[in-house]
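Chains as they are written, first to last, in the working numbering: chain A, 202 to 395; chain B, 202 to 395.
Encoded structure:
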């Protein structure tokens, strides 16, 4: 599990703990991106979901795009990113779900074009963070609207002390998180394995 | 120039011409992404800017992220994506520029954290489209604010009949566009080389 070690070291060195539950990793994951790390993460997700007959990788803009693309490169399957928007206008040609952000305390719609997801698809969801699970729940709702099959969820950084992981486990969805954070203690990151 | 041919064929097959100047390529570039095509585009940008002593790839969320990441993978240098936001609040820790969208007829701010761009950086801008050049001009302004060096601009699809290319040529900036569209004629795409 060289990749997990690589990622955990990077989080320890470059991550910034803010308050009780925020981890800022904008220098390698969601503002500045380390491409070699993304390639390694993509290959690791490929290893962990190698048995799934995937046809699509699904994520949400913007910070999900990099890890999702790296995973799509490893699987050689198309990546679709859901777009976020404020408007509640429902359009016939879109699958849409509402996502509440606990961090920003606002609701956003996420949507994808019906052209890019159908009942024939077998989908892997990839996202940068799993906290309360709202973004992933929105994508799962979209997959259900399309009648597609969900093979699993791949997460770069899971904050295991928030409720997202438990929600997905309850629904018996296969979740693979590369770094699992147990807690933040005195501004330090404590991983599940520690 | 196998990659250019690949990209032009894809635009001809999957692109949708809307009205006089809009090309929709949401099934391989900016909603659904073809990862293998992105890898090929990234390697082609690497070939064309191989001599530049790059330290950063710069783009704008969301549709710039995929081609920029693929290019960063080829160069093994970090990718930074500027964030779009409505707010005009200037923050001390951000470089910010205003970008007008002719398509949407609205202005957005784009900004990047000062942590990720400095006078020591040598930058390649990558974007999915070059039309009127407003997004690229915004990034160039941010590079100037940081005192960084601009080595060039790499574009996946250039609409040569709009003013962006001419603006960059006037400023003697090296621009490499993989597909150059001369015009849309009866709903068909005519490339510069045709």
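From the three backbone atoms N, C-alpha and C, an ideal C-beta is built for every residue, glycine too.
- The segment 336–356 of chain B makes no contact with the segment 359–378 of chain A, as fewer than three CB pairs between them are under 8 Å.
- About 5 Å separates the CB atoms of residue 393/B and residue 383/B; that is less than 8 Å, so the two are in contact.
- Per DSSP, residue 278/B is not a residue of any beta strand (DSSP E), being assigned neither H nor E.
- Annotation: the segment 216–241 of chain A contains no complete segment of the alpha helix (DSSP H) (minimum length 4 residues).
- Neighbours of residue 267/B in chain A, taken as residues whose beta carbon is under 7 Å from its own, are 266 and 270 in chain order.
- The shortest CA-to-CA distance from residue 359/A to any of 297/A, 231/A and 333/A is the one to 333/A.
- For residue 335/B, the enclosing alpha helix (DSSP H) covers residues 335–347.
- Neighbours of residue 247/A across chain B, judged by C-beta separation under 9 Å, do not exist; the nearest C-beta is about 12 Å away.
- Interface annotation, residue 236/A: in contact with chain B, CB-CB separation under 9 Å.
- Using a C-beta cut-off of 8 Å, the segment 277–297 of chain A makes contact with the segment 249–266 of chain A, since at least three inter-stretch Cβ pairs fall below that distance.
- By the Cβ criterion, the segment 231–238 of chain A is not in contact with the segment 249–258 of chain A, since fewer than three pairs of Cβ atoms, one from each stretch, lie closer than 8 Å.
- Here residue 208/A carries a helix assignment [DSSP, helix/strand/coil].
- The criterion of a C-beta distance shorter than 9 Å is not satisfied by residue 237/B and residue 239/A.
- Burial state of residue 303/A is exposed, judged by a 10 Å Cβ sphere holding fewer than 16 other Cβ atoms.
- If you look at residue 355/B, you'll find it in the beta strand (DSSP E) that goes 350–360.
- Excluding residues up to 5 positions away in sequence, 380 and 392 lie with their Cβ nearer than 6 Å to the Cβ of residue 209/A in the same chain.
- In this chain, residue 393/B is not harboured by any beta strand (DSSP E), its DSSP state being neither H nor E.
- In this structure, the straight-line span from the alpha carbon of residue 294/A to that of residue 320/B is close to 46 Å.
- Here residue 316/B has 294 as same chain residues with Cβ atoms under 8 Å from its own Cβ, once five neighbours each way along the sequence are excluded.
- Leaving aside the five residues that flank residue 205/A on each side, the residues in its chain whose CB is nearer than 6 Å to its CB run, in chain order, 379.
- No Cβ of chain A is located within less than 9 Å of the beta carbon of residue 254/B.
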